[in-house]
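Trainee:
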Amino acid sequence: MKEKKHLEASCLKLGLERHGQPVLSEISCTFKPYELTAVVGPNGAGKSSLLQCLAGALKPTSGRIELDGQDAEQVPAARRARLSAFLPQAEVPAWSLSSADLVALGLLPWGRPADREQRVSAALNLVDAQQFADRPVTQLSGGELRRVQLARLLVGEAPLLIADEPTAALDIRHQLQLMQNFRRQADAGKTVVLALHDLSLAARFCDRVLLLQGGQLRAQGTAEDVFTPALIGDVYGVSCEFRWRDGVADFVPLDLL
Amino acid sequence: MLTQNKSALVLFALALPLALIAALASGPVSIDLGAALGDGWRSENSDAVILWQLRLPRALLAILVGAALGMGGAAMQGMLRNPLAEPALLGVSSGAALAAILMLYYGFSLPGFWGLAWQSGWLLPALAIVGAFCAVACVWLLAGRGASASRLVLAGVAINAFLSALMALALNYAPSMFAMQEIVFWLLGSLANRGWDQLLLALPFVLIGAVLLFCARNYLRALSLGEASAASLGFRGRRYPLLVLAGIASAVGAAVAVAGTIGFVGLVVPHLVRPLVRQDPGLLLWASALAGALLLLLADIVVINFVGAQELRIGAVTAFIGAPFFFWLIVSARRGQLL
Chain A
1 MKEKKHLEAS
11 CLKLGLERHG
21 QPVLSEISCT
31 FKPYELTAVV
41 GPNGAGKSSL
51 LQCLAGALKP
61 TSGRIELDGQ
71 DAEQVPAARR
81 ARLSAFLPQA
91 EVPAWSLSSA
101 DLVALGLLPW
111 GRPADREQRV
121 SAALNLVDAQ
131 QFADRPVTQL
141 SGGELRRVQL
151 ARLLVGEAPL
161 LIADEPTAAL
171 DIRHQLQLMQ
181 NFRRQADAGK
191 TVVLALHDLS
201 LAARFCDRVL
211 LLQGGQLRAQ
221 GTAEDVFTPA
231 LIGDVYGVSC
241 EFRWRDGVAD
251 FVPLDLL
Chain B
1 MLTQNKSALV
11 LFALALPLAL
21 IAALASGPVS
31 IDLGAALGDG
41 WRSENSDAVI
51 LWQLRLPRAL
61 LAILVGAALG
71 MGGAAMQGML
81 RNPLAEPALL
91 GVSSGAALAA
101 ILMLYYGFSL
111 PGFWGLAWQS
121 GWLLPALAIV
131 GAFCAVACVW
141 LLAGRGASAS
151 RLVLAGVAIN
161 AFLSALMALA
171 LNYAPSMFAM
181 QEIVFWLLGS
191 LANRGWDQLL
201 LALPFVLIGA
211 VLLFCARNYL
221 RALSLGEASA
231 ASLGFRGRRY
241 PLLVLAGIAS
251 AVGAAVAVAG
261 TIGFVGLVVP
271 HLVRPLVRQD
281 PGLLLWASAL
291 AGALLLLLAD
301 IVVINFVGAQ
311 ELRIGAVTAF
321 IGAPFFFWLI
331 VSARRGQLL
């Protein structure tokens, strides 16, 4: 399993059309190792499409994605799967696999590594899910299933981790645990990209924020740069208050504008 | 749980040779099995001829066809992520059936070489395989680029409906009662009067199908997470769905071509064995092949031993044997144990 430890991913004038409608247009940005990036924006802003393009699940209609300077379309699918791991917004398992078997699917790009079982149980431990290792995934609650799916994302060795709304459906303990996990992954050198709706979590844990609106990149930078009442008010149509309390970000939406 | 599941599969594997012996021993005349085996397949003793030229190829064909149908069903359900899918959905069976019907119509009047080919019994299955491939190709083309599973099913339903209409039309205008009866019997499926020719014709196609599906096993596994996740795990593009479709067309097309349309196996066998392989869509291919082979062989033993004016239709017998298992499965699912 000798693979790249660090990976820089860039979008160059990325565009995507669906049924003749532009979903993404001219998005240029870079995701670096050691960085945890949050992609935020209102519903329909193109967050999921951007993440799917980045993960290779969607093919951009214009522009391109580069992985360490190489055009991602030129990277063979099997190799690209070892470079990036992706958790879509809604992943519905078709069969009632056991949790451990579902997590093991995350190792498919690496064949059958000898330490498969240890890896799977370590990944389940990371998300506090070792107690349902043998339970069929169809018998888990929404949040429990989400944690097992996150273990599937974390079980491999891909240097680029992409997750679409990983905190949705999780209780506050597991939201916090999850963000700390992603923070640790980034600190260990991985490139982590998350679509998030919770702006407080985004501000608190992420190094960088991309704000999307209507398929366009509206702003990017640190949370302080992006989460200004004026910009958030303009993009989301809400008045808000945003402040730091002992290093913890607190974002309070006040009223509709 | 796991060991229990494994022993069930081992039991299936052990039951297969026993069923094979039972199949060789069954028939309207009783033969001395040991002596016939000892005589070898070249012998002209009547017992040896019955064993080597009639019973053995028929039993092996039951195994081959059952395995192909079970495997095809498992692949189909895996690819469409749907436990209600069966190979017939792709038009494999109706494509093969329509080609076979056309042959049953015009086969007798073919001149020269083709007439001889018809009489030797391999022209009909060969054309039925071609028919199966054509039907699947139509479904693939109709569904179009990057088709989702649901679009594939819709295209399959449309092609199926069209082919069924053509078959009904063919029955309508059947030249004689005899031709009509031939067609109906063929549609119901049978292993009677099949020999080495049919077996050797179907074998390479089933093997090719198995190899193609083997290459797609990890795709089927990844698909249990959905199409976007499978793509991110490295299974992108048209290559993998095409691999599965070609595998199903080859294996199931060949099975239908030599045995007619035998329902139930492709739909229900994967359900029966899915709990035994921890729901793994990759292993399910081989477990379903094993269980399908066993089910069809047992059904054929019933058919052979049934004494009556008319031969039983094997499709009906598979359902009679398999349905009670299915009832049991549904009842235990109601208690929340399986499925």
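Residue numbers (the UniProt record's numbering), protein chains in the order written: chain A, 1 to 257; chain B, 1 to 339. The beta-carbon is built from N, C-alpha and C at its ideal position, and this holds for glycine as well.
1. Give the residues from the stretch 69 to 82 of chain A that approach chain B closer than 9 Å (Cβ to any Cβ), ordered along the chain.
2. Check each residue of the stretch 279 to 309 of chain B: if its Cβ is closer than 8 Å to any Cβ of chain A, include it; give the result in chain order.
3. For B:V307, which of helix, strand or coil comes out of DSSP?
4. Does DSSP put A:E91 in a helix, a strand or coil?
5. Does the Cβ of B:G91 have 16 or more other Cβ atoms within 10 Å, making it buried, or fewer, making it exposed?
6. Determine which residues share a DSSP beta bridge with A:E66 and list them.
7. Please go through the stretch 157 to 216 of chain B and give each complete alpha helix (DSSP H) segment of 4 or more residues, from N-terminal end onward.
8. May I ask which residues mark the beginning and end of the beta strand (DSSP E) holding B:D32?
9. Taking the beta carbon of B:V307 as the centre, do at least 16 other beta carbons fall within 10 Å, making it buried, or is it exposed?
10. Using a C-beta to C-beta distance shorter than 8 Å, which residues of chain B count as neighbours of A:A9?
11. Please determine whether the Cβ atom of B:Y219 lies at a distance below 7 Å from any heavy atom of the ligand HEM.
12. Could you check how far apart the C-beta atoms of B:L9 and B:L276 are, in whole angstroms? I think they sit under 8 Å.
13. Give the straight-line distance between the Cα atoms of A:M1 and A:W110, rounded to the nearest whole angstrom.
14. Quick test of your reading: B:P125 and B:L201, contact by CB under 8 Å. State the CB separation rounded to the nearest angstrom.
15. For B:G327, count the other beta carbons within 10 Å of its own beta carbon; 16 or more makes it buried, fewer makes it exposed. Which is it?
16. From the DSSP output, in three-state form, read off A:E165 for me.
17. For chain A, is any of its Cβ atoms less than 8 Å away from the one on B:R238?
18. Please report the residue range of the alpha helix (DSSP H) in which A:E224 lies.
19. With a 10 Å radius around its C-beta and 16 neighbouring C-beta atoms as the bar for buried, classify A:T228 as buried or exposed.
20. My output table needs one value for B:N5: the three-state DSSP class, helix, strand or coil.
21. Could you name the residues of chain B that A:F86 contacts, counting a contact when the two beta carbons are closer than 9 Å?
22. Look at the alpha carbon of A:L211 and the alpha carbon of A:L217, and state the distance between them as a whole number of angstroms.
23. With DSSP as the reference, label A:D250 as helix, strand or coil.
24. Cα separation between B:G282 and B:R217?
25. Which residues does DSSP list as the beta-bridge partners of B:F327?
26. With A:S96 and B:Q310 assumed to form a contact (beta carbons below 8 Å), what rounded beta-carbon distance in angstroms separates them?
27. Residue 259 of chain A: which of A:L160, A:C11, A:F31, A:A195 sits nearest, CA to CA?
28. Evaluate B:R236 with the Cβ neighbour count: other Cβ atoms within 10 Å of its Cβ, from every protein chain shown; 16 or more gives buried, anything less gives exposed.
29. Evaluate contact between the stretch 150 to 158 of chain B and the stretch 224 to 233 of chain B, counting only Cβ atoms and requiring at least three cross-stretch pairs below 8 Å.
30. Can you tell me where the alpha helix (DSSP H) holding B:S46 begins and where it ends?
31. Taking B:L191 as the reference, give the member of B:T261, B:P175, B:R58, B:L272 with the closest Cα.
32. By the criterion of Cβ-Cβ separation under 7 Å, what are the contact partners of A:A55 in chain B?
Mentor: Looking at the coordinates:
1. The stretch 69 to 82 of chain A vs chain B, Cβ under 9 Å: P76, A77, A78, R79, R80, A81, R82.
2. Interface annotation for the stretch 279 to 309 of chain B against chain A: Q279, D280, P281, criterion Cβ-Cβ distance under 8 Å.
3. Under the three-state reduction of DSSP output, B:V307 falls in the coil class, being neither helix nor strand.
4. The answer is coil: DSSP assigns A:E91 none of H, G, I, E or B.
5. Buried, because 16 or more other Cβ atoms sit within 10 Å of the Cβ of B:G91.
6. The bridge partners DSSP lists for A:E66 are A:S10, A:D71.
7. Fully enclosed alpha helix (DSSP H) runs of 4 or longer: 177 to 188, 196 to 215.
8. Counting along the chain, B:D32 falls outside any beta strand (DSSP E), and DSSP gives it neither H nor E.
9. Under this definition B:V307 is an exposed residue.
10. The CB of A:A9 never comes closer than 8 Å to any CB in chain B; the least such distance is about 13 Å.
11. Ligands in the displayed structure: none, and consequently the ligand HEM is not present.
12. Contact holds; Cβ gap of about 6 Å.
13. For A:M1, the predicted model reports a pLDDT of 43, less than 50, meaning its position is unreliable; a value from the coordinates is still stated below. Put simply, the backbone Cα of A:M1 is about 7 Å away from that of A:W110.
14. Between B:P125 and B:L201 the beta-carbon gap is near 5 Å, inside 8 Å, which marks them as a contact.
15. For clarity, residue 327 of chain B is Phe in the given sequence; the question names Gly instead. Classification for B:F327: exposed.
16. The answer is coil: DSSP assigns A:E165 none of H, G, I, E or B.
17. No - not a single Cβ of chain A is within 8 Å of the one on B:R238.
18. For A:E224, the enclosing alpha helix (DSSP H) covers residues 223 to 226.
19. Counting C-beta atoms within 10 angstroms of its own C-beta, A:T228 has fewer than 16 neighbours from the protein chains shown and is therefore classed as exposed.
20. In this structure, B:N5 counts as helix in the three-state DSSP scheme.
21. What A:F86 touches in chain B: A228, S229, A231, S232, L233.
22. So the two alpha carbons sit approximately 6 Å from each other.
23. In the structure shown, A:D250 falls within a strand segment according to DSSP collapsed to helix, strand and coil.
24. Roughly 5 Å separates the two Cα atoms.
25. Beta-bridge pairing links B:F327 to no other residue.
26. In fact, because the Cβ distance is near 43 Å, the residues do not count as touching under 8 Å.
27. Beyond the ends of chain A as shown, which are 1 and 257, falls residue 259 of chain A; an answer cannot be given.
28. Only buried fits B:R236, as 16 or more other CB atoms lie within 10 angstroms of its CB.
29. Touching, no, given that fewer than three Cβ pairs across the two stretches are closer than 8 Å.
30. Counting along the chain, the unbroken alpha helix (DSSP H) around B:S46 starts and ends at 46 to 49.
31. It is B:R58.
32. What A:A55 touches in chain B: S232.
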